[in-house]
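The block underneath contains the structure these notes are about, expressed in structure tokens.
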Amino acid sequence: MVKADDMVLFVQVVDEGSFSRVAEKLSLTNSVVSKRIARLEENVNAQLLYRTTRKLSLTDAGRTLYNKAKIAKIAFQEAENAITGYGEDMKGNIRITLPVVSANLILSDSIAKFCKKYSQISVDLQITNRLVDLIEEGFDLAIRTAELEDSSLIAKRLIDSQWVICATPDYLKQHGTPQTPEQLQNHECLVYKFDNATNDVWPLYIDGTEQLLTVHGQFHSNHLDAIKRATLNGLGIAFLPQALVYEEMQHNTLTQILQRFTRKKLGMYAVYPKARQPDQKLKLLIAHLQESLHEKQAYYC
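Under the working numbering, think of the first position of the sequence shown as 307, with each following residue one higher.
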């Protein structure tokens, strides 16, 4: 008979890619982990893993079982959360993914303060600009700054993020300050590439309507902080989140331009799967993040 906890252990072994790492996390011996996986293979009458000295890989049967067992593991976690997440003593684990800029500016510090306040809640924080599949990869929460299209997700707006066009005073002194959007085409513009797609079209408001202006320049990057660094080095003009350059604008190391033509705002959302309604500890974390962002509202709006 297949034991549910053996299937959960199997998922953990696949996710970690190592018997020893799982054994260490669960305070078990390697031999116990190995015997339980062997017992699972015996009970399902199929080899699930190819084992070499360097890595583990799934057999076809193992891949099929993993995809189903992972859903069961998530369900078990949700059941545990339902019990431990509503008491006065908050307990449990939250897996969260953040984009790099949001993490660096405010949210990593905010999450650390949350953990300090709720010592029995553990947080697994993954910082990446990759668009993570929350359900497939088992995340409880993502922070995203974008228009949301996935109907399997629920989004709670945390704050709006204003974008600004800016350059260094020296660059503008040397090359002139554009007075109209069209004049940007005579300047070096630093282009942000998101998800390998070049965003060389900037949305600007001309005569009261949004128009898409194509810009060009020698520097492209998929990292907003790299765009900021290039701007600070006088390489050109950038279109960046205000929060990222707020302090530089306050200290006049960057100058905002074309303000009356710029209305780009992106909502920042806390996103979680519809199938995984937030328990009390997740609601507390979302509220905590929202409060942290609003304390820095001047950065964003």
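The beta-carbon is built from N, C-alpha and C at its ideal position, and this holds for glycine as well.
Short check: CB of residue i to CB of residue j, under 7 Å?
i: Leu572; j: Thr451; result: yes
i: Pro487; j: Ile512; result: yes
i: Tyr552; j: Ser467; result: no
i: Tyr477; j: Gly540; result: yes
i: Gly444; j: Ile380; result: yes
i: Leu346; j: Asp312; result: yes
i: Arg463; j: Tyr575; result: yes
i: Leu496; j: Ala549; result: no
Quickly, what does DSSP pair residue i with across the bridge? List them, please.
i: Ala452; result: DSSP, once it has assigned bridges, lists no residue as partnering Ala452.
i: Ser527; result: Tyr498
i: Tyr372; result: DSSP output for Tyr372 lists no bridge partner at all.
i: Val507; result: Thr520
i: Asp430; result: Arg401
i: Arg357; result: Leu362
How many Å lie between residue i and residue j at the Cα?
i: Cys268; j: Ser428; result: Given a span of 307 to 607 for the chain in the structure shown, any question on residue 268 remains unanswerable.
i: Gln524; j: Leu411; result: 27 Å
i: Lys442; j: Lys376; result: For clarity, residue 442 is Glu in the given sequence; the question names Lys instead. Those two C-alpha atoms are separated by around 9 Å.
i: Ile449; j: Ile460; result: 12 Å
i: Gly393; j: Leu315; result: Caution applies to Gly393, whose pLDDT of 46 falls short of 50 and renders its modelled position unreliable; the model cannot decide the point.
i: Pro509; j: Gly542; result: 18 Å
i: Asp415; j: Ser598; result: 9 Å
i: Asn528; j: Phe500; result: 5 Å
i: Ala473; j: Ser408; result: 22 Å
i: Glu494; j: Gln596; result: 36 Å
i: Gly391; j: Ile592; result: At Gly391, the pLDDT of 49 sits below 50, so the modelled position is not reliable and the matter cannot be decided from this model.
i: Leu588; j: Asn435; result: 22 Å
i: Lys374; j: Glu330; result: 25 Å
i: Ile465; j: Lys423; result: 23 Å
i: Ala367; j: Asp439; result: 23 Å
i: Leu437; j: Val406; result: 12 Å
i: Gln485; j: Thr561; result: 13 Å
i: Gly398; j: Ala310; result: 20 Å
i: Lys570; j: Glu554; result: 19 Å
i: Leu447; j: Gln432; result: 11 Å
With DSSP collapsed to three states, give me the class of residue i.
i: Arg436; result: coil
i: Val314; result: helix
i: Asp466; result: strand
i: Gln517; result: strand
i: Met555; result: helix
i: Cys607; result: coil
i: Tyr578; result: strand
i: Leu490; result: helix
i: Ser408; result: helix
i: Ala352; result: coil
i: Lys571; result: strand
i: Phe325; result: helix
Would you check if there are 3 or more beta carbon pairs closer than 8 Å linking the stretch 357-365 to the stretch 307-325? Result yes; three or more Cβ-Cβ pairs closer than 8 Å.
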